Amino acid sequence: MVTSFAACTALGLLYGLFILGPSISSLPEGVAIGLSIGAGAGVSIGAILEVRKNPETTEKKHNKLLILVVASTALLVLLTFLYL
Numbered sequence: 042m043v044t045s046f047a048a049c050t051a052l053g054l055l056y057g058l059f060i061l062g063p064s065i066s067s068l069p070e071g072v073a074i075g076l077s078i079g080a081g082a083g084v085s086i087g088a089i090l091e092v093r094k095n096p097e098t099t100e101k102k103h104n105k106l107l108i109l110v111v112a113s114t115a116l117l118v119l120l121t122f123l124y125l
């Protein structure tokens with residue numbers, strides 16, 4: 042879980058620094074938003090990977106919620122690209 046959190050946070054930082062920041066004309070805001078997106082995605086992906094290791098410990102509702110969080114994060118990134 043820590044690995045996916047770190048990787049997604051790094052990707053979020055790059056996304057905020059090079060894509061989101063210039064598009065909103067503010068690098069600090071872009072970096073902050075990118076980091077928050079990356080951290081959220083990292084936690085979600087890490088949780089999904091943990092669930093796959095121990096599927097009997099997690100209910101179906103949690104799986105659906107995690108999928109929804111990952112899908113909404115991906116949709117946010119896609120909409121940002123389309124906005125450019």
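The numbering of the sequence shown is my numbering, which starts it at 42 and goes up by one. Even for Gly, the Cβ is constructed at its ideal location relative to N, Cα and C. Since this is a predicted model, take the numbers as computed values, not measurements.
Item	Value
Return the CA-CA distance between Ile65 and Gly57, expressed in angstroms with no decimal places.	10 Å
To the nearest angstrom, report how far apart Leu76 and Leu116 are at their CA atoms.	16 Å
Secondary structure at Ser86, three-state DSSP: helix, strand or coil?	This sequence places Ile at residue 86; Ser is not what is there. Here Ile86 sits in helix by DSSP.
Nearest by alpha-carbon distance to Leu54: which of Ala80, Val43, Thr44, Gly87 is it?	Ala80
Under 8 Å: does the beta carbon of Gly71 sit that close to some heavy atom of the ligand PLP?	What this structure holds is no ligand at all, so the ligand PLP is not there to describe.
Return the first residue and the last residue of the alpha helix (DSSP H) that Leu54 is part of.	43-56
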